[in-house]
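J.: So that we are looking at the same thing, I have put the structure below in C-alpha cells.
2 protein chains.
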Amino acid sequence: MEHNLQNTISLLTRTPAALNALLRDLPEAWTFRNEGEKTWSAFDVVGHLIHGERTDWMPRAKMILQFGETHTFEPFDRCAQERESQGKSLGQLLDEFARLRLENLGELRALNLQKEHLTLRGRHPALGVVSLSELLATWAAHDLTHLHQISRVMAHQYREAVGPWSAYLGVLRCAGHSS
Amino acid sequence: MEHNLQNTISLLTRTPAALNALLRDLPEAWTFRNEGEKTWSAFDVVGHLIHGERTDWMPRAKMILQFGETHTFEPFDRCAQERESQGKSLGQLLDEFARLRLENLGELRALNLQKEHLTLRGRHPALGVVSLSELLATWAAHDLTHLHQISRVMAHQYREAVGPWSAYLGVLRCAGHSS
C-alpha cells in the first residue's frame, strides 16, 4: 500500500504499549540475552529505539521541512544505546521510550502535514535523496523490524528447549537479514 | 538456555496483552492484509493462536500426563481459523485469545508440574516422541514465531513506501522460513 500518514501514526502510537506489555518484568533470561557476540538483546533494542526518537525521526523530518535537500542528515549512531542505556533498568527504558514517542507524535501532529509536504525531499548521508513520506513510513517499518528482531532474539533462547518442534518454527530459521 | 517453566509461563502470560496493545483498533490496512495468495494476515494469525489454545497445547500436555507415549496427539489443523474466525472482528478474536490463554494458564498452574513431570513423553503424529518440557517450550516459542510473522506481514505493507530505506530494514528481507 502507499504511505498513509494516519496509518503510520496509528502504528507508531501502539509500539511503546506493545513492547511494554511484552517485556516489562519479564525474566532477564528473555530480555537480557542476545543471539551471540555483537548481537542485541531486547534491552539493547529498546535503547536503540530511544536513540531513534531523540536523534533520527523527528529531527530529520524537521530538517526536510526547513532545509530540503540542501542539508544532509546527521548519520545515525547504531551503537549509541551501549552508552546511553548503561545503569538503567528495562522498565526505565520502556518508560523513556513511551514518553519520547508521545512527545514526538505530538510534534508530528502539530506540524499538520498536508499531501504536498509529504513529497518534500531531504538528503540522507548514505541513501541520497529521500522524501518526507519515505522517512515517516520508515519510522513505522523500523518499529516492526525491531519487533521482528525482539521476537527472534527471544525465540533463540529456546532453540534447544523446543526439541524436534524446531522444524516447525520459522523464527528459528531467521538469520536476521541484517547487512 | 534450558527450558524453565516459570520463564515459559511469564512469556505466555504476556502475549495476549502485547498483541492487544499492537493490534486493537489498528487500521485494517495493517491487520487484514497479508503477504500475497495463501498467506496470513495478522487477523488470521490471531485466529490460529486461538485454535492452538483450544486444541493443541493444554490438550496435548494432559494427554502426555495421562497416556504417555501410548496415544498419538491429534494432528493440529493449520487452517481452522479460516472457518472459526468467520464473521468475527479482530477485537473479538483478541478477547477470545486472552480469555482462553488465561484459562489455559490457570489449568497449567493447577497441574503443579514438578521436574519429573517435565521429562514425561508423548507421541506427536509427525515428530514422534516428544517431552512435556519440549511441548511447553514450544508453546512459548510458537507465540514468538507468530509475533515475528505479524511484524513481517505488517512491514510488508510498507515495502514500497519506505523507498531506499528498504536496504536497512531486515524485516523486508525475511521470507518467513516456513517449510
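Protein chains in written order, with the numbering used here: chain C, 1 to 179; chain W, 180 to 358.
Cβ atoms here follow ideal geometry from the backbone N, Cα and C, with glycine treated the same way.
Ala320 of chain W to Ala305 of chain W, Cα distance in whole Å?
T.: If I take the Cα positions, the gap works out to 19 Å.
J.: Give the residues of chain C in contact with Gln336 of chain W, contact being defined as C-beta atoms less than 8 Å apart.
T.: Simply Met1.
J.: If I measure Cβ to Cβ from His48 of chain C and keep anything under 8 Å in the same chain, skipping five residues before and after, which residues do I get?
T.: Same-chain partners within the cutoff: Trp40, Arg78, Ala80, Gln81 and His146.
J.: Quick one, which of W:Leu297, W:Gly342 and W:Ser330 has its alpha-carbon nearest Val225 of chain W's?
T.: It is W:Ser330.
J.: In the stretch 217 to 243 of chain W, which residue ranges form an unbroken alpha helix (DSSP H) of at least 4 residues, counting only runs that do not cross its ends?
T.: Those alpha helix (DSSP H) runs which fall completely within the stretch 217 to 243 of chain W and span 4+ residues are 221 to 234.
J.: Give me the Cα-Cα distance between Ala196 of chain W and Arg278 of chain W, rounded to the nearest whole angstrom.
T.: Going by the C-alpha atoms only, they are around 11 Å apart.
J.: Any residues in the stretch 200 to 213 of chain W with a beta carbon nearer than 9 Å to a beta carbon of chain C? Which ones, in chain order?
T.: So the close ones are Ala200, Leu201, Leu202, Arg203, Asp204, Leu205, Pro206, Ala208, Trp209 and Arg212.
J.: Please say whether Arg239 of chain W and Phe252 of chain W have beta carbons closer to each other than 8 Å?
T.: A contact, by the Cβ cut-off of 8 Å.
J.: Ser312 of chain W: buried (16+ other C-beta within 10 angstroms of its C-beta) or exposed?
T.: Buried, since its Cβ has 16 or more Cβ neighbours within 10 Å.
J.: Any residues in the stretch 108 to 134 of chain C with a beta carbon nearer than 8 Å to a beta carbon of chain W? Which ones, in chain order?
T.: Those would be His124, Leu127, Gly128, Val130, Ser131, Ser133 and Glu134, in chain order.
J.: Is Thr210 of chain W buried or exposed, if buried means 16 or more other CB atoms sit within 10 Å of its CB?
T.: That one is buried.
J.: Quick check on the DSSP output: what are the complete beta strand (DSSP E) runs of length 3 or more inside the stretch 112 to 155 of chain C, in order along the chain?
T.: Runs found: 121 to 124 and 128 to 131.
J.: Closest to Leu198 of chain W by CA distance: which of W:Leu290, W:Arg280, W:Leu287 and W:Ala316 is it?
T.: Closest option to Leu198 of chain W, Cα to Cα, is W:Arg280.
J.: Give me the residue from W:His296, W:Met180 and W:Glu248 with the minimum Cα distance to Arg33 of chain C.
T.: The option with the nearest alpha carbon to Arg33 of chain C is W:Met180.
J.: Rank C:Lys38, C:Ile50, C:Arg109 and C:Asp56 by C-alpha distance to the C-alpha of Phe88 of chain C and give the top, closest one.
T.: The sequence given here has Lys at residue 88 of chain C, not Phe. Of the listed residues, the one whose Cα sits closest to Lys88 of chain C is C:Ile50.
J.: Name the chain W residues whose beta carbon is nearer than 7 Å to that of Val162 of chain C?
T.: What Val162 of chain C touches in chain W: Glu313, Ala316, Thr317 and Ala320.
J.: With 16 other CB atoms within 10 Å as the buried threshold, where does Arg193 of chain W fall?
T.: Result: buried.
J.: Using DSSP's beta-bridge definition, name the partner residues of Thr72 of chain C.
T.: Answer is C:Arg123.
J.: Can you give the Cα-Cα distance for Asp56 of chain C and Val129 of chain C, rounded to whole angstroms?
T.: Roughly 16 Å between the two C-alpha positions.
J.: What's the gap between the Cα of Leu315 of chain W and the Cα of Arg24 of chain C?
T.: Their Cα atoms are separated by approximately 22 Å.
J.: Short of 6 Å in beta carbon distance, which residues of its chain neighbour His124 of chain C, apart from the five on each side in sequence? Order them along the chain.
T.: Contacts found: Phe73 and Val130.
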